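Notes to accompany the following structure.
Protein chains in written order, with the numbering used here: chain A, 90 to 489; chain B, 2 to 261; chain C, 21 to 404.
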């Protein structure tokens, strides 16, 4: 176990030493030498040495017993107040694609209270099987009971893949499930694929704030768990002709025990619009000058059916609630269209929005870094440009 | 009330990138900092202890250099610091990391609340906090934006949801992960910084923990990084200078088909 | 460049002040410049971080430093906002007469409160008709029983209205001219002591500058600092020591402007390339940086000299203040020039540095007065 350099294969090119984020590799007599005290087995050098394959990390890890018996792609059917979240339909679309490659079924787990009648819609959206547990005790999301039931279902039915929305709920529950099952979990995937030869799930996700993409594997453990961001995959359209099985699962009382209790749920005006679900975000920076001036962004957002976003500086000044903050320490979003108005484009902001499908930047300063990621950039005063955009979009949309 | 705060030393992700020519990670000048979310965790821990008495123990798993992060935590007012550093921990994914941290917290024994930042900015997984709770089999409240009550033997906290929040009650001991909204972290004092310089950092390796070696480090990590690469560069955009009216028309024309 | 001369503790102070500047000062600087609101919150953070104690002896609850520490803090804060920095510095200026001339009782009463930042201090000297000519002051303090009765007014008092303790110079014996002036500690809230108008300033707008009005204001005789008639000398001695602090403010403002200019020069593109590739810009930046470094060296040299206990520091500290403030004015003006049209706009931070810089050539003795001090000292030295 561990890392080793094959001195015969090492050409002394030094690429690994350059790459090592931990300064653990030095070139000694023209060969790479790894300081094991510093190495964290991060794999960066192995990747750098792909051409010569001189560096190897040997893993000795446990293996899920009967690994080949795990079949099928599952989706966690997250619901809120009995409504299946749109991101579930996005995941079902992807799950269908993966399942078709693997030639297996797509199943969806639907837990909640008064949710039974939603199962049919899930089938229309691509599932072959829906496991439903409908119980008043599941009215509120509770980590412990949800995790316990999910773990039990997985142990019983052995899916090879489980996709979970990368939401507050999804991320909380699945982390506990992964520990209980002792399997791997990849967070916030933005690309998913199958290596058919090895029958492996390729889970790709941004790391280091989106500056790097990493593809993660879990070779020896099943199921392979991944959470997936909103808006990454298109929602699968409903097909009324689809049929499938609805399996109601009941559990004994002990499954519903939870030490935590939800006392109250509060929907907030300020954050009623969930910016991670928004198709259009109109975001502003400090150049707006005041809280009142956000009105002009709100008008554009209203016309386009979107919501407003803000930089950290704006949120810290108290002009806009935190729920709207985009970027590092705020939210990561990928709407269809992102308007960056008076935002210079510091890296801390870019990491939160650079995977937006289309970016429109409005800034007075032509050298602002935001223009480097923009599909469309308008050099000008946002107080002139934004109202004009609002007016023109209003006209275009009226015509349509 | 005794609080354990878990922190992570991370590269300042704002500085990390892949060299466009060599396709390698550029590490030059990348500083190691305390994960920004962990400052909120430290602050909340300090506030709980200021209110109820007790102590804040801060713990971090990482290379020996992570000691600097722990010293910074002490400068802010944390009482004790534990560094988990060992070759045997190398290559840990979130499962192995949460297992190892949980084993160390078991050794600390005397804790009522464990606080973590909601996620670390290098990995952005948000898995380690709930993972620790699962390993210790204690309740969790994730994404906490406010502690409403900490009296008696329970914690009542507001948990951030996508469209609001819910108020959750958990008995002690429990684990919470916190979001930025929860507080404004303090700035260290000069006396704190001086104390931090001299403070003794407790150092534990795998041998100090009551843990299975097969569940730590690379052996205990089901996931592996298969490859890393630069995200595809964005297509070069159209930048309009000059006549604003024309620019707006062109943008509206270009976007028209993407609206719905 | 000067760093190598700092002790480990001084480096710690610098790092801490830099953090406060980055996290708490820069985000509010533009807003406070616009509104002219006093930075109460920032003062609180400085207090919690022990920074009001860095120039006060340990036995009074401080950290035991001196003028060098004040300069380090003031320079760092000034890189973010000259107005906030001087709100900090003004309290040091008001504290120093107590450090230098207070008796044991006065020190024990006031210094621990000041060290913890629970109370802020200020210095009131200037009067409408007594600016550079401090001896023309009209404010009087008349001894009546065990009290002094103050009448008159001070204006342009930095920290006015916000500070809790005011060091006031007043005439106890008009017939003696400058030798008839005395220093007093006046607490906010004393009957007969009120604040007049708050000035609307060109720069350092986050700092408060007000009039102080004394109307039969009775203060206990224990609040006399030093002896009667010592006031003018004590004030001049205080200024001899405080001038490096103004120099440090100037250096900080200049450095802040240079940092912005370098960053902008790298980002701004004209004729298809970054303007930082133009030699004309590079030379400007090079001169700015060199001047700042020279000013910094002079400021810290005079600060260290004071801390080392040298007697006649007036000339050297005047040089530090004079040179650093002239550099600040020049560098900030050049920084605006590098920004071009954007530099003139309030949307960009650089014009504020230029406005903030100007005062450093004026207060705590105009630069013309500084030249007088230096000139006189030179002549006196040759007479020895």
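Every residue gets a Cβ at the ideal spot worked out from N, C-alpha and C, and that includes glycine. Predicted model only: the values in this text are computed from it and were never measured.
Contact check, residue i vs residue j, beta carbons under 8 Å
| i | j | result |
| --- | --- | --- |
| residue 117/B | residue 142/B | no |
| residue 41/B | residue 181/B | yes |
| residue 94/A | residue 147/A | no |
| residue 100/A | residue 133/A | no |
| residue 228/C | residue 218/C | yes |
| residue 185/A | residue 325/A | yes |
| residue 319/C | residue 385/C | no |
| residue 151/B | residue 52/B | yes |
| residue 412/A | residue 459/A | no |
| residue 161/C | residue 269/C | no |
| residue 338/C | residue 263/C | yes |
| residue 106/B | residue 145/B | no |
| residue 244/C | residue 254/C | no |
| residue 252/A | residue 303/A | no |
| residue 374/A | residue 432/A | yes |
Limits of the unbroken alpha helix (DSSP H) element including residue i
| i | result |
| --- | --- |
| residue 374/C | 370-380 |
| residue 109/B | 95-109 |
| residue 192/A | Counting along the chain, residue 192/A falls outside any alpha helix (DSSP H), and DSSP gives it neither H nor E. |
| residue 282/C | 251-287 |
| residue 105/A | 104-108 |
| residue 408/A | Note, residue 408/A: premise wrong, no alpha helix (DSSP H); not H, not E. |
Amino acids of chain A, ordered along the chain, whose beta-carbon sits closer than 8 Å to that of residue i
| i | result |
| --- | --- |
| residue 60/C | Those do not exist, as residue 60/C stays about 16 Å from chain A at its closest Cβ, beyond 8 Å. |
| residue 5/B | Here the premise fails: no neighbours, minimum Cβ distance about 18 Å. |
| residue 253/B | 478, 481, 482, 485 |
| residue 132/B | 264, 265, 267, 268 |
Beta-ladder partner(s) of residue i, from DSSP
| i | result |
| --- | --- |
| residue 189/C | 203/C |
| residue 339/C | BP columns for residue 339/C are empty, so no partner. |
| residue 136/C | Paired residue(s): none; residue 136/C is not in a bridge. |
| residue 278/A | 317/A |
| residue 398/A | 372/A |
| residue 521/A | Residue numbering for chain A in the displayed model covers 90 to 489; residue 521/A lies beyond these limits and cannot be assessed. |
| residue 163/A | 196/A, 251/A |
| residue 143/C | 187/C |
| residue 61/B | 8/B, 84/B |
| residue 169/A | 172/A |
| residue 225/B | 306/A |
| residue 175/B | 114/B |
| residue 127/B | For residue 127/B, which the question treats as bridged, DSSP gives no partner whatsoever. |
Chain-ordered neighbours of residue i on chain A, where CB pairs are closer than 9 Å
| i | result |
| --- | --- |
| residue 132/C | The premise fails here: residue 132/C is roughly 34 Å from chain A at the closest Cβ pair, so nothing lies under 9 Å. |
N-terminal and C-terminal residue of the beta strand (DSSP E) that residue i is part of
| i | result |
| --- | --- |
| residue 430/A | 426-430 |
| residue 254/A | 250-254 |
| residue 11/C | Beyond the ends of chain C as shown, which are 21 and 404, falls residue 11/C; an answer cannot be given. |
| residue 240/C | 229-240 |
| residue 332/A | Where residue 332/A is concerned, there is no enclosing beta strand (DSSP E), given that its DSSP letter is neither H nor E. |
| residue 222/A | 218-223 |
Under 9 Å by beta carbon: chain C residues contacting residue i
| i | result |
| --- | --- |
| residue 191/B | 29, 32, 33, 36, 69, 70, 71, 73, 74, 83 |
Residue i: contacting residues in chain C (beta-carbon distance under 8 Å)
| i | result |
| --- | --- |
| residue 188/B | 36, 39, 40, 43, 44, 65, 68, 69 |
| residue 204/B | The premise fails here: residue 204/B is roughly 24 Å from chain C at the closest Cβ pair, so nothing lies under 8 Å. |
| residue 376/A | 367 |
Under 7 Å by beta carbon: chain C residues contacting residue i
| i | result |
| --- | --- |
| residue 456/A | 287, 288, 289 |
| residue 402/A | 47 |
| residue 405/A | 47 |
Neighbour list for residue i in chain A, Cβ cutoff strictly below 7 Å
| i | result |
| --- | --- |
| residue 148/C | The premise fails here: residue 148/C is roughly 37 Å from chain A at the closest Cβ pair, so nothing lies under 7 Å. |
| residue 161/B | 257 |
Beta-carbon neighbours of residue i, restricted to chain B and to distances below 7 Å
| i | result |
| --- | --- |
| residue 275/A | 224 |
| residue 128/A | 91 |
At least 3 beta-carbon pairs within less than 8 Å: the segment 142-153 of chain A vs the segment 161-174 of chain A: no
Touch test, the segment 94-107 of chain B against the segment 470-486 of chain A, Cβ-Cβ under 8 Å, three pairs minimum: no
The segment 80-87 of chain C touching the segment 131-140 of chain C, judged by at least three CB pairs closer than 8 Å: yes
Stretch pair the segment 228-240 of chain C + the segment 298-318 of chain C: three plus CB contacts closer than 8 Å: no
Cβ contact (3+ pairs, closer than 8 Å) linking the segment 274-294 of chain C and the segment 347-356 of chain C: yes
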